[in-house]
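What follows is a short report on a single structure.
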Amino acid sequence: MSAVVHLSGPGRPGPDLKELLGRVALGDQNAFGKLYDAVAGPVLGLVRRVLRDPAQSEEVAQEVLLEVWRKAAHYRPERGEVMAWVLTIAHRRAVDRVRAAQAAADREQRIAAASHAPAYDEVAEQVEGRLEREQVRRCLTGLTEVQRESLTLAYFRGFTYPEVAQLLGIPLGTVKTRMRDGLIRLRDCLGVGV
Amino acid sequence: MSAADVHTLTGAYAAHALDPAECAEFEHHLEHCPACAQEVAEFTATLARLGSASAVPVPAEFKQRVMSALDTVRQEAPRTAQLPAGTRRGRLRRTWPRFALAACLALAVGAGGLAVQQHREADRARARATAMQRQQDRIADLLTAPDARTTSGAVAGGTGVATVVWSPSEGVAGFLASGMPPLAPGTTYQLWFDDRGTMRPAGLMPTASGALLLSGPLDGASGVGVTVEPAGGSPHPTGAPVVLLSFA
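As you go down the protein sequences, you meet chains A and B in turn. For the first sequence, position 60 (counting from the first letter as 1) is numbered 60 according to our numbering, and the numbering increases by one without interruption. For the second sequence, position 16 (counting from the first letter as 1) is numbered 16 according to our numbering, and the numbering increases by one without interruption.
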């Protein structure tokens, strides 16, 4: 299997994704191929993180990439970076799939199972190597435990925040504010600006 | 929910961790809160960095599969005409909430389902909506109605939230719910228009979460109620409502 991982971190020179996406919007398949090279690894990685199942993940990742092709003309540069736009689509679809697949009873079991396997440990384990991964890891470590757990359970597991509250045994309002506080701290640590 | 409480939902919203009903309520708030929209954009970018850091190697044959599917997927036209650069900030504020509203419904309606048309021009919205299935078509119309309004309430006997979206000009209403108490076998949730105390059947929802366009016109109804009924529904409510929402 030949494979390439592309990460777009700060300071990393790469193709101008906005320019590429502009050409994709005009039906340029060659440009889409280049855009694909930049986003497919993150898309598949994020979807797989949420869904776990490799076959389903590829299926959803393909839907995501085709949605990028279909909706390229809807992208608005003033709203944010191309990678954020693409990964928002990816996350939405992954979360939809994981929730649709769970009947109410299954979901209870999933919550029970997840409470024995903190999402963060796995993140810490997998997020290694590259500079970008190191930085994300360092910034995650800088959060309080509740901030980190709240965010990773929601983002990487697809739990709603009431489910996160149930999992962590803390009040709903606390989860809401911890998720926001955690994101503020992460945003500042990663130097994210829009 | 107080304004301060709603504001703290920016994080959960960006992480797609809100139920559909609460998501709709939050987006109603977003329309009037440029600071929230800015924060949501920043959080979205922040979470994308977590996503990027999750990148994995992609099999080469996967690319071929995606590329060869391009010819089968029709590209959509731009949503809005280009405006002069000076109007960008205003456009962000105006278009963000409608753009985002689709995110709430993606879950409720199901994967690959609803491509809510966010454009404010009713003509374009309708033109594109004709391609959708009928129910989705009508929900999309409702959501893009300039006078679309929402109200939410807690559902009795659980942690569920229900939201009604309605448009006086279109004369229709949609119902979004999440986390209502699980239904016993052989029962369904039934929706009712409240005609000043008389309940008029407005549709069945056999699941504890979902979205439904209410059947029948608003016709001066003062609100919407939900009861648990035997599967197939009842001509009149047989029990107390689990939630009552008023078109106030």
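Yeah, the Cβ is synthetic: ideal placement off N, Cα and C, and Gly gets one too.
Three or more Cβ pairs closer than 8 Å define a contact, and the segment 154 to 168 of chain A falls short of that threshold against the segment 56 to 67 of chain B. For the pair R187/A and E81/A, the Cα-to-Cα distance works out to about 15 Å.
Around the beta carbon of K18/A, a 10 Å sphere encloses fewer than 16 other beta carbons of the protein chains shown; the residue is thus reported as exposed. The shortest CA-to-CA distance from A248/B to any of D194/B, S209/B, T207/B is the one to D194/B.
Neighbourhood of E42/B in chain A, by CB distance below 9 Å: G80, L183, I184, R187, V192, G193, V194, in chain order. By the neighbour-count definition (other C-beta atoms within 10 Å, threshold 16), A202/B is a buried residue. Under the 10 Å beta carbon count, S209/B is surrounded by 16 or more other beta carbons and is classified as buried. Closest option to W192/B, judged by alpha-carbon separation, among E22/B, L183/B, L213/B, A145/B: L213/B. In the three-state scheme derived from DSSP, where H, G and I count as helix and E and B as strand, L212/B is classed as strand. The DSSP-derived three-state label of Q75/B is coil.
Fewer than three Cβ pairs drawn from the segment 18 to 36 of chain A and the segment 29 to 46 of chain B lie within less than 8 Å of each other, which leaves the two stretches out of contact. Each of Y155/A, L167/A, I184/A was checked against the Cα of R49/A, and the nearest Cα belongs to Y155/A.
Within 10 angstroms of the beta-carbon of A231/B lie fewer than 16 other beta-carbons, which makes it exposed. Taking 8 Å as the cut-off, the beta carbon of A21/B is found closer than this to the beta carbon of A177/B.
Within the DSSP secondary-structure output, R138/A pairs in no beta bridge. Residue L218/B holds the alpha-carbon nearest to the alpha-carbon of R196/B among R149/B, A48/B, A154/B, L218/B. Bounds of any beta strand (DSSP E) do not take in E170/B, whose DSSP letter is neither H nor E.
Taking 8 Å as the cut-off, the Cβ atoms of I170/A and V146/A count as close. In the three-state DSSP reduction, F159/A falls in the coil class, being neither helix nor strand. Looking at the DSSP output, R149/B bridges to W166/B. With fewer than 16 other beta carbons inside 10 angstroms of its own, T238/B counts as exposed. Between V228/B and T187/B, the C-beta spacing is below 8 Å. Secondary structure at F43/B: helix, using DSSP grouped into helix, strand and coil.
Distance check between G223/B and each of T151/B, M180/B, T207/B places T151/B closest, using alpha-carbon atoms only.
The secondary-structure analysis by DSSP pairs L176/B across a beta bridge with T163/B, A211/B.
For R200/B, the three-state secondary structure derived from DSSP is strand. For Y189/B, the uninterrupted beta strand (DSSP E) segment begins and ends at 187 to 195. Taking one beta carbon from each stretch, the segment 87 to 102 of chain A and the segment 54 to 69 of chain A have 3 or more pairs nearer than 8 Å; the two touch. Taking a contact to require three or more Cβ pairs closer than 8 Å, the segment 31 to 40 of chain B and the segment 160 to 167 of chain B do not qualify as touching.
At the C-beta level, K63/B and A72/A stay beyond 8 Å of one another. Residue burial is scored here from C-beta neighbours: S57/A has at least 16 other C-beta atoms within 10 angstroms and is therefore classed as buried.
Judged by DSSP in its simplified three-state form, A154/B adopts strand. At least one CB of chain A lies nearer than 8 Å to the CB of V58/B. Annotated three-state conformation of P34/B is helix, per DSSP. Considering only beta carbons, the part of the segment 7 to 22 of chain B lying closer than 8 Å to chain A consists of T8, L9, T10, G11, A12, A14, A15, H16, A17, L18, D19, in chain order. In terms of Cβ geometry, M205/B and Y189/B form a close pair [threshold 8 Å].
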